[in-house]
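Residue numbers (my numbering), protein chains in the order written: chain C, 7 to 116; chain B, 10 to 121.
This report concerns only the one structure given below.
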Amino acid sequence: SQQGEEDPQALSIQEGENATMNCSYKTSINNLQWYRQNSGRGLVHLILIRSNEREKHSGRLRVTLDTSKKSSSLLITASRAADTASYFCATSGTASKLTFGTGTRLQVTL
Amino acid sequence: EAGVTQSPTHLIKTRGQQATLRCSPISGHTSVYWYQQALGLGLQFLLWYDEGEERNRGNFPPRFSGRQFPNYSSELNVNALELEDSALYLCASTQWENNEQFFGPGTRLTVL
Numbered sequence: 007s008q009q010g011e012e013d014p015q016a017l018s019i020q021e022g023e024n025a026t027m028n029c030s031y032k033t034s035i036n037n038l039q040w041y042r043q044n045s046g047r048g049l050v051h052l053i054l055i056r057s058n059e060r061e062k063h064s065g066r067l068r069v070t071l072d073t074s075k076k077s078s079s080l081l082i083t084a085s086r087a088a089d090t091a092s093y094f095c096a097t098s099g100t101a102s103k104l105t106f107g108t109g110t111r112l113q114v115t116l
Numbered sequence: 010e011a012g013v014t015q016s017p018t019h020l021i022k023t024r025g026q027q028a029t030l031r032c033s034p035i036s037g038h039t040s041v042y043w044y045q046q047a048l049g050l051g052l053q054f055l056l057w058y059d060e061g062e063e064r065n066r067g068n069f070p071p072r073f074s075g076r077q078f079p080n081y082s083s084e085l086n087v088n089a090l091e092l093e094d095s096a097l098y099l100c101a102s103t104q105w106e107n108n109e110q111f112f113g114p115g116t117r118l119t120v121l
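In structure tokens form, the structure reads like this:
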């Protein structure tokens, strides 16, 4: 079963705009990870944020985590056509396995 | 540094047959995870191996099994294939300290 929901399910923006995706989860976590998936291929690891962190940056990516609301957001700034993909959040608790959200499909048009 | 590798890329089988999928983790990683991504069901945890032992399994029937070899590579076996086993099977590895999991390109299994 899925840990939670991602919002929106799909997002279409123009190149250069920012894209924000949200993820909600249900149980306590040790960390939360964001992944990108292009056209049903493997998952590319983007960023990991620990439960005691509130914000993390990596290049054009900014991730926030609010454990009181059990939610996280991924911001991609100055989007490019190559950012077109599905984005998933995944939580890790004591059981070690990752539990994935439902994903957001991002379309960046020229 | 080489990433996680999986073979084969594609696999086509018929109902009732057996499928074997293989995964090689990143060098130095001792834990291997298997996930299934079936259409409409999202990414589901299948199995976790660490140091050659099965540590946890998801909500899948016993015909899904696997093993981990001394070199930490892993095999996923699916017996008595059913049509609904058609999916992308993803393998991930981690060093375990922070459970940052890195994925391979996947094996797409089609059951006819």
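Ideal Cβ placement from N, Cα and C applies to all residues, glycine included.
Asked                                                                                                                                                                     : Found
Is ILE53 of chain C near SER45 of chain C, with beta carbons less than 7 Å apart?                                                                                         : no
Measuring CB atoms only, is the stretch 52-69 of chain B touching the stretch 109-121 of chain B, in the sense that at least three cross pairs come out at less than 8 Å? : no
Taking ALA101 of chain B as the reference, give the member of C:HIS51, C:SER34, C:GLU23 and C:PRO14 with the closest Cα.                                                  : C:HIS51
Looking at GLU84 of chain B and THR29 of chain B, is the spacing between their C-beta atoms short of 7 Å?                                                                 : yes
Between which two residues does the beta strand (DSSP E) carrying HIS19 of chain B extend?                                                                                : 19-22
Going by DSSP, what residue range makes up the beta strand (DSSP E) through ILE53 of chain C?                                                                             : 49-56
The beta strand (DSSP E) with ILE19 of chain C in it runs from where to where?                                                                                            : 16-20
From the DSSP output, which residues share a beta bridge with ILE82 of chain C?                                                                                           : C:ALA25 and C:LEU67
What are the residues of the stretch 75-109 of chain B that lie near chain C, defined by any Cβ-Cβ distance shorter than 7 Å?                                             : LEU97, LEU99, ASN107, ASN108 and GLU109
Is any beta-carbon of chain B found at less than 7 Å from that of GLY65 of chain C?                                                                                       : no
Is the distance from the Cβ of LEU38 of chain C to the Cβ of THR97 of chain C below 7 Å?                                                                                  : yes
Apart from the five residues just before and just after HIS38 of chain B, which ones in its own chain have a Cβ nearer than 7 Å to its Cβ?                                : TYR81, SER102, THR103 and GLN104
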